[in-house]
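Take a look at the structure below.
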Amino acid sequence: MTHSTRQQEFNMPTASTLTETRIRVVCLARVLLFATFMTVAATLPLLIRDWSLSATAAGALITAFTLGYALSLFLFAWASDHLGAKRVVATSALAAGISSLLFAFLARDWNSAFWLYGLIGLCQGGIYTPLIVLISDEIDPDKRGHAMGMLIASTSIGYAASLALCGVGIALGGWQMAFILTGILPIFGALLLIWTLAPLANRIHPPQVDLRITDELLRNRRSRLLNIGYIAHNWELLGMWAWIPGFLAAGFALKGLDSAQASMGGAYLSGIMHLFGAVAALSMGRLSDRLGRQKLLLLLAASSMLLSFSIGWLIHLPWCY
Numbered sequence: 002m003t004h005s006t007r008q009q010e011f012n013m014p015t016a017s018t019l020t021e022t023r024i025r026v027v028c029l030a031r032v033l034l035f036a037t038f039m040t041v042a043a044t045l046p047l048l049i050r051d052w053s054l055s056a057t058a059a060g061a062l063i064t065a066f067t068l069g070y071a072l073s074l075f076l077f078a079w080a081s082d083h084l085g086a087k088r089v090v091a092t093s094a095l096a097a098g099i100s101s102l103l104f105a106f107l108a109r110d111w112n113s114a115f116w117l118y119g120l121i122g123l124c125q126g127g128i129y130t131p132l133i134v135l136i137s138d139e140i141d142p143d144k145r146g147h148a149m150g151m152l153i154a155s156t157s158i159g160y161a162a163s164l165a166l167c168g169v170g171i172a173l174g175g176w177q178m179a180f181i182l183t184g185i186l187p188i189f190g191a192l193l194l195i196w197t198l199a200p201l202a203n204r205i206h207p208p209q210v211d212l213r214i215t216d217e218l219l220r221n222r223r224s225r226l227l228n229i230g231y232i233a234h235n236w237e238l239l240g241m242w243a244w245i246p247g248f249l250a251a252g253f254a255l256k257g258l259d260s261a262q263a264s265m266g267g268a269y270l271s272g273i274m275h276l277f278g279a280v281a282a283l284s285m286g287r288l289s290d291r292l293g294r295q296k297l298l299l300l301l302a303a304s305s306m307l308l309s310f311s312i313g314w315l316i317h318l319p320w321c322y
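Per the numbering used here, the sequence shown runs over residues 2 to 322.
Written as structure tokens, this is what we have:
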């Protein structure tokens with residue numbers, strides 16, 4: 002694609018604005034696309050038992066997904082600069098839907114689950130950062146925080162739905178049914194997302210030849226500290242998402258529940274926690290438009306740090322379950 006073509010595509014008028022109704026449909030599609038995000042975390046106690054997994058092997062399943070997801074965030078973000086955010090979102094969504102179907106029906110032991118779950122992670126990144134680019138292009142700055150809050154809230158709701166479906170699946174047919182229930186939904190989310198974004202233009206921004214990302218990361222102290230802080234935040238966040246269902250299941254097991262009951266309880270309770278996260282994302286997005294993003298960010302980061310530090314000590318307290 003030539004530079005003139007890229008410039009022309011960037012300057013194309015938007016066929017349809019990204020209205021709030023359209024954003025809501027995008028969020029619904031993301032809920033469906035994230036159905037497999039918590040599948041392994043929710044079923045891990047049963048997988049450890051049925052597949053005779055060591056702690057290292059069990060953790061490797063989560064690691065495969067997380068590494069794939071981290072790589073996909075970088076690759077799809079880069080691709081959105083060169084191919085356009087809309088095109089990248091559609092490609093990622095379709096790939097996530099297909100890989101989730103493969104996982105649902107083919108993951109039946111550690112080896113197959115490791116590779117297929119890693120593949121799902123590798124396909125997921127395009128429905129996050131490129132969608133942020135899309136919203137930034139289409140939404141007025143004074144409404145952008147609310148739109149971003151809706152987008153992030155849909156992520157939390159998707160995680161909660163994934164955990165709830167796993168709980169239902171475990172009750173109906175063990176981890177096998179949980180895999181199937183969560184694995185068939187992303188393809189519907191992909192089709193819904195592609196259909197919703199179809200009227201929008203695929204914008205490709207002209208390259209900024211004077212911008213050096215290496216200089217920004219290495220020489221700009223504020224940028225460097227912000228990135229380090231965000232890395233630490235994701236260490237906290239992704240780690241919490243991975244182990245909280247198992248942590249809660251262990252708490253229920255200490256109260257005398259069997260593996261299946263403890264896993265269901267951990268999945269349901271984790272899902273409720275993610276719903277609180279959805280409410281927080283939506284409300285804080287709107288609040289950031291009014292109070293300012295920096296002050297709110299620091300307050301929430303400090304609060305999250307204190308809660309993350311304390312939660313692990315609560316497992317033996319009788320009033321926690």
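By construction, the Cβ of each residue, glycine as well, lies at the ideal position given by its N, Cα and C atoms. Computed from a predicted structure; not experimentally measured.
| Check | Outcome |
| --- | --- |
| Do the segment 83 to 91 and the segment 190 to 204 make contact, defined as three or more Cβ pairs closer than 8 Å? | yes |
| With distance defined between alpha-carbon atoms, name the residue in F66, S55, G127 and D143 nearest to L292. | D143 |
| State the start and end residues of the unbroken alpha helix (DSSP H) segment that holds N112. | W111 to Q125 |
| With a threshold of 16 other CB atoms inside 10 Å of the CB of Q295, please say whether the residue is buried or exposed. | exposed |
| Would you report the Cα separation of S53 and P246, rounded to the nearest angstrom? | 19 Å |
| My assumption, with CB atoms under 8 Å, is that G127 sits in contact with T92. Please give the rounded CB distance. | 6 Å |
| Spatial neighbours of A59 within its chain, please: CB distance less than 8 Å, with the 5 preceding and 5 following residues excluded, ordered by chain position. | L45, L48 and I49 |
| Could you give the residue range of the alpha helix (DSSP H) that holds W236? | R222 to L255 |
| For F401, which three-state DSSP category applies? | Absent from the model: residue 401. The displayed extent of the chain is 2 to 322, so no value can be given. |
| Rounded to the nearest angstrom, what separates F11 and T18 at their Cα positions? | Confidence at F11 is low in this model, with a pLDDT of 42, below 50, so its placement is unreliable and no value can be given for it. |
| Thinking just about the alpha-carbon of each residue, which of A30, R220 and H234 is nearest to the one in M306? | H234 |
| Taking I281 as the reference, give the member of L102, W111 and G146 with the closest Cα. | Sequence inspection shows Ala at residue 281; the Ile mentioned does not correspond to that position. Out of L102, W111 and G146, G146 has the C-alpha closest to the C-alpha of A281. |
| Using only alpha-carbon positions, find the residue among M151, L76 and T67 that is nearest to F115. | T67 |
| May I have the straight-line CA-CA distance separating A302 from G230, to the nearest angstrom? | 9 Å |
| To which residues of the same chain is V198 closer than 6 Å at the C-beta, ignoring the five residues directly before and after it? | Reading the sequence as shown, one finds Leu at residue 198 and not Val. K87, listed in sequence order. |
| Let me confirm a value: L174 is counted as buried when at least 16 other C-beta atoms fall within 10 Å, else exposed. Which label applies? | Reading the sequence as shown, one finds Gly at residue 174 and not Leu. G174 comes out exposed. |
| Between the alpha carbons of F38 and F253, how many angstroms are there, rounded? | 23 Å |
| Between L164 and G272, which are expected to be in contact by the criterion C-beta below 8 Å, what is the C-beta distance as a whole number of angstroms? | 4 Å |
| Would you identify the three-state DSSP class for H206, choosing helix, strand or coil? | coil |
| Between which two residues does the alpha helix (DSSP H) harbouring Y160 extend? | P142 to G184 |
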